[in-house]
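Residue numbers (the numbering used here): 5 to 280.
Where a beta carbon is used, it is the ideal one built from N, C-alpha and C, also for glycine.
I have placed the structure first, in the form of structure tokens, so that the comments after it can refer back to it.
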DNA sequence: CCTAACCCCTGCTTGC
DNA sequence: TGCAAGCAGGGGTTAG
């Protein structure tokens with residue numbers, strides 16, 4: 005499940021190969037994965053063909069391709085989306101729903117088994133409108149601060165786990181990195197956000213930055229579907245301390261890790277080490 | 001405004 | 001072995 009570190013890894017792989025590439029053809033075999041104009045494969049294709057990719061950036065879990073002529077391509081990988089750079093001759097693997105081909109003999113394949121993601125064509129600045137405009141601060145920028153986290157949490161009754169999964173609070177944290185960050189911060193997933201102290205928020209802020217930076221350094225976490233733009237898996241799953249380790253021994257205290265549902269998401273934590 | 005519930009979707013795992 | 005139910009979950013929408 006691609007979260008910020010996985011999306012950033014994909015971004016880097018795409019940028020290496022596709023900046024300055026010119027889109028020559030677009031083929032859509034599952035129109036519902038064209039999110040803008042919704043389901044309109046023809047308009048999507050016509051808007052893209054002939055344009056050059058000028059930059060590839062990331063905002064939260066979204067990828068933003070800046071194209072020539074005031075157009076943008078915005079991608080969200082959902083649960084199982086993959087963006088793979090291949091040769092323009094490469095045959096599509098199963099669940100490949102959109103293919104762009106470029107000059108220089110390259111192609112970009114969008115694969116998505118669970119079909120939760122998609123690609124969107126924008127003809128006006130996507131950063132100024134939802135969903136990008138609604139995102140909270142980028143966690144690895146100066147915009148993300150412990151004090152900001154503390155202020156936003158005031159009066160909120162929902163669980164801290166749900167709070168940090170809210171993309172309006174922080175952009176890019178998903179279930180894996182939320183569990184890992186809460187473990188590092190020593191916080192129970194169900195603790196009410198409004199009951200976090202300033203010190204809690206400082207520790208949480210630090211933990212979130214740490215796990216995201218480590219995730220990027222490892223090339224992301226490959227749990228089920230995730231691979232980078234070159235098809236390689238990431239390595240951060242080997243370093244997970246709680247996510248996916250239900251029932252196993254805590255790496256710090258040795259007691260068994262517990263799994264609970266918080267805000268509809270499975271959450272693994274150590275009842276002993278995460279006592280506040 | 002805030003929160004919870006539901007939906008989308010397929011493939012893997014679990015249970016009988 | 002076969003089949004069905006359960007589970008995974010980001011983000012959008014709807015209901016309360």
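Write down every uninterrupted run of the alpha helix (DSSP H) in the region 170–248 whose length is 4 residues or greater and which is fully enclosed by it, in chain order. 179–189 and 202–221
How far does the beta strand (DSSP E) with residue 85 in it extend, from its first residue to its last? Here the question's residue 85 lines up with position 81 in the first chain. Per DSSP, residue 85 belongs to the beta strand (DSSP E) from 85–91.
At a cut of 8 Å, does the region 56–74 reach the region 37–44 through at least three beta carbon pairs? no
Nearest-angstrom Cβ-Cβ length linking residue 220 and residue 9, presumed shorter than 8 Å: As a working mapping, residue 220 is identified with position 216 in the first chain. As a working mapping, residue 9 is identified with position 5 in the first chain. That belief holds up - the Cβ atoms of residue 220 and residue 9 are roughly 4 Å apart, short of 8 Å.
Where DSSP assigns a beta bridge to residue 260, which residues make up the other side? Residue 260 sits at position 256 when you count from the first residue of the first chain. Residue 260 pairs with 253.
Cα separation between residue 166 and residue 186? Looking up residue 166 in the first chain gives position 162. Looking up residue 186 in the first chain gives position 182. If I take the Cα positions, the gap works out to 11 Å.
Below 8 Å between beta carbons: does that hold for residue 278 and residue 139? Here the question's residue 278 lines up with position 274 in the first chain. Here the question's residue 139 lines up with position 135 in the first chain. Against a cut-off of 8 Å, the Cβ pair of residue 139 and residue 278 comes out as no contact.
Can you name the start and end residues of the alpha helix (DSSP H) that residue 50 belongs to? Along the first chain, read from residue 1 onward, the residue named residue 50 stands at position 46. Taken as a continuous stretch (DSSP letters only), the alpha helix (DSSP H) holding residue 50 covers 45–52.
Between residue 164 and residue 193, which are expected to be in contact by the criterion C-beta below 8 Å, what is the C-beta distance as a whole number of angstroms? Taking the first chain and counting its residues from 1, one reaches residue 164 at position 160. Taking the first chain and counting its residues from 1, one reaches residue 193 at position 189. Rounded, the Cβ-Cβ distance is 7 Å, consistent with contact.
Best match in 224, 174 and 231 for proximity to residue 208 [C-alpha to C-alpha]: The count along the first chain starts at 1 and reaches residue 208 at position 204. Nearest C-alpha to residue 208: 174.
Of all the beta strand (DSSP E) runs that stay within the bounds of the region 108–181, which reach a length of 3 or more residues? 110–116 and 122–126
Alpha-carbon spacing of residue 18 relative to residue 230, whole angstroms: Reading the first chain from its first residue, position 14 is the one you call residue 18. Reading the first chain from its first residue, position 226 is the one you call residue 230. Their backbone Cα atoms lie some 15 Å apart in a straight line.
Bridge partners of residue 61, per DSSP? Counted from its first residue, the first chain places residue 61 at position 57. 68, per the DSSP bridge assignment.
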